[in-house]
Amino acid sequence: MAQVEAAEAELLDALRAGQESAFSALVQKYHTSILRVARLYVSSPATAEEVAQETWLAVLNGIDRFEGRSTLKTWIFRIVTNIARTRGQRDARSIPFSSLGEETTEPAVEPDRFAPAGRWAGHWKSYPERWDTLPEERLVGAETRARVQRVIDRLPLTQRQVITLRDVEGWEPEEVCSALEISETNQRVLLHRARSKVRQALEGYLES
Amino acid sequence: MLISEDLTCRELVELVTEYLEGTLPPSDRDRFEQHVILCDGCAFHLDQMRTAVAVTGSLSEESITPEAQETLLRVFRDWKSG
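As you go down the protein sequences, you meet chains C and A in turn. According to our numbering, the first sequence is numbered sequentially starting from 52. According to our numbering, the second sequence is numbered sequentially starting from 3.
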């Protein structure tokens with residue numbers, strides 16, 4: 052932790068001194084994440100690019116006033132969410148209605164996978180396949196990742212927001228709740244639905 | 003085959019995220035773990051969910067495009083000279 056802080060302090064000093072390499076390092080580290088987070092609030096990739104650019108400018112303009120009460124990362128992402136949220140409200144009308152709604156009940160696994168009645172009611176009719184014996188390349192391959200990305204892109208908005216921040220960006224549950232202004236329970240339910248759909252899609256792909 | 007009678011597989015799959023998040027009350031967590039020990043189907047399902055989370059996590063390994071990098075360096079130079 053201390054090492055991270057020391058590295059960050061050094062980076063901050065260099066940035067305040069106007070060193071391009073320091074800015075470049077920061078951009079390498081956070082730009083794709085910033086874009087991804089911006090995309091959770093605004094509907095077009097072009098607008099997300101604008102939000103990201105505005106964010107970097109705000110970071111540069113605010114760097115002298117950054118007091119280190121939070122980490123640099125937390126501070127940067129607070130800027131992104133603020134800018135993106137404002138922009139998102141401005142183009143809220145362009146978000147299709149269907150993606151605002153949430154389905155009511157969505158089982159994690161199709162109900163017909165379980166025995167309906169009898170002694171084994173509610174137990175697997177046949178077991179899910181083992182994935183721990185699949186070749187590693189299959190799981191980490193570009194095609195697998197592209198499919199997962201496509202599933203996430205098609206999720207209802209709040210599910211997409213939660214799974215992106217939690218599982219792609221690795222935010223803590225509390226950080227996600229505060230960025231999206233949702234309760235912890237709500238966050239967990241949305242995460243469960245989103246992860247379940249990713250699992251289902253992987254099942255369809257990996258076992259075909 | 004021994005499967006815990008009070009928690010079905012169909013119920014268990016809805017508790018996986020709470021289990022992984024560590025938010026199940028201790029008594030429910032015990033029932034969950036007992037079930038998974040005795041039921042291969044649920045053990046495989048749990049592993050599939052963990053795998054799904056790991057694959058999703060790998061989406062962050064994406065790097066910035068050279069064009070975006072260029073644009074931002076221009077932003078920086080303008081800012082510095084501005």
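A virtual CB, placed ideally from N, CA and C, is assigned to each residue, including glycine. A quick note: this is a predicted structure, and the numbers were derived from the prediction, not measured.
Short of 8 Å in beta carbon distance, which residues of its chain neighbour C/Ala109, apart from the five on each side in sequence? Order them along the chain. Taken in chain order, the residues that qualify are Ile130, Ile134.
Extent of the continuous alpha helix (DSSP H) to which C/Glu194 belongs: Where C/Glu194 is concerned, the enclosing alpha helix (DSSP H) stretches over 193–204.
So which residues of chain A does C/Arg239 contact, with C-beta pairs closer than 8 Å? The CB of C/Arg239 comes closer than 8 Å to the CB of Thr19, Glu20, Glu23, Thr25 in chain A, given here in chain order.
Chain A within 9 Å of C/Val160, Cβ atoms only: Yes, contact with chain A.
For C/Trp175, which three-state DSSP category applies? Here DSSP, grouped into helix, strand and coil, assigns C/Trp175 to strand.
Do A/Phe46 and C/Tyr178 have their C-beta atoms closer together than 9 Å? Cβ atoms of A/Phe46 and C/Tyr178: closer than 9 Å.
Taking Cβ-Cβ distances below 8 Å as the criterion, which residues of the region 198–211 of chain C are in contact with chain A? Within the region 198–211 of chain C, the qualifying residues are Val199, Gln200, Ile203.
Go ahead and pull the three-state DSSP assignment for C/Phe165. Three-state DSSP puts C/Phe165 in a strand.
If you measure from the beta carbon of A/Phe34 to each beta carbon in chain C, is any gap under 9 Å? It does not; no Cβ of chain C falls within 9 Å.
Is it true that the region 156–164 of chain C meets the region 122–129 of chain C, where meeting means three or more beta-carbon pairs spaced less than 8 Å apart? These segments do not touch.
CB contact check: A/Val38 to chain C, cutoff 9 Å: No, A/Val38 does not count as interfacial toward chain C.
In chain order, what residues of the same chain lie with their CB nearer than 8 Å to the CB of A/Ser29, ignoring the 5 residues before and after it? Hits under 8 Å: none found.
Which residues in the same chain as C/Val227 place their Cβ atom closer than 7 Å to its Cβ, once the five residues preceding and following it in sequence are excluded? Same-chain partners within the cutoff: Val213, Leu216, Arg217, Gln238.
What residues in the region 52–67 of chain A have a beta carbon less than 7 Å from any beta carbon of chain C? Among the residues of the region 52–67 of chain A, those with a Cβ less than 7 Å away from any Cβ of chain C are Thr53, Ala54, Val55, Val57, Thr58, Gly59, Ser60, Leu61, Ser62, Glu64, Ser65, Ile66, in the order of the chain.
Confirm, please, whether the CB-CB distance from A/Gln36 to C/Arg250 is below 9 Å. No, they are not a contact pair.
What is the residue span of the alpha helix (DSSP H) that C/Val240 lies within? In the DSSP assignment, C/Val240 falls within the alpha helix (DSSP H) that extends over 235–257.
Could you tell me whether the region 69–85 of chain C touches the region 112–122 of chain C, using the rule of 3 or more Cβ pairs below 8 Å? Result no; under three Cβ-Cβ pairs closer than 8 Å.
Start-end ranges of the alpha helix (DSSP H) lying completely within the region 12–54 of chain A, minimum 4 residues: DSSP assignment within the region 12–54 of chain A yields the following whole alpha helix (DSSP H) runs of 4 residues or more, N-terminal first: 18–23, 28–40.
Interface residues of chain A around C/Phe165 at Cβ under 7 Å? Chain A residues near C/Phe165: Cys11, Arg12.
Note down, in chain order, all residues in the region 167–192 of chain C with a beta-carbon under 9 Å from any beta-carbon belonging to chain A. Within the region 167–192 of chain C, the qualifying residues are Trp171, Ala172, Gly173, His174, Trp175, Ser177, Tyr178, Pro179, Glu180, Arg181, Trp182, Asp183, Leu185, Leu190, Val191.
Residue burial classification, C/Ala168 (beta-carbon count within 10 angstroms, cutoff 16): It is exposed - the Cβ of C/Ala168 has fewer than 16 other Cβ atoms within 10 Å.
Distance check for A/Gly59 and C/Glu223, CA to CA, integer angstroms please. Rounded to the nearest angstrom, the two C-alpha atoms are 14 Å apart.
Please list, in chain order, all residues of the same chain as A/Thr19 whose beta carbon is under 6 Å from its beta carbon, the five residues on each side excluded. Contacts found: none.
Same chain, Cβ closer than 7 Å to C/Ala99, neighbours up to 5 away in sequence not counted: In chain order, Leu86, Ala89, Arg90, Val93 place their CB closer than 7 Å to the CB of C/Ala99, counting only its own chain and leaving out the 5 sequence neighbours on each side.
Do A/Ser65 and C/Ser84 count as a contact pair if the criterion is CB distance below 9 Å? For C/Ser84 and A/Ser65, no; Cβs fall outside 9 Å.
Where C/Thr236 and C/Gly69 are concerned, what is the direct C-alpha to C-alpha distance, given to the nearest angstrom? A direct Cα-to-Cα measurement between C/Thr236 and C/Gly69 gives close to 44 Å.
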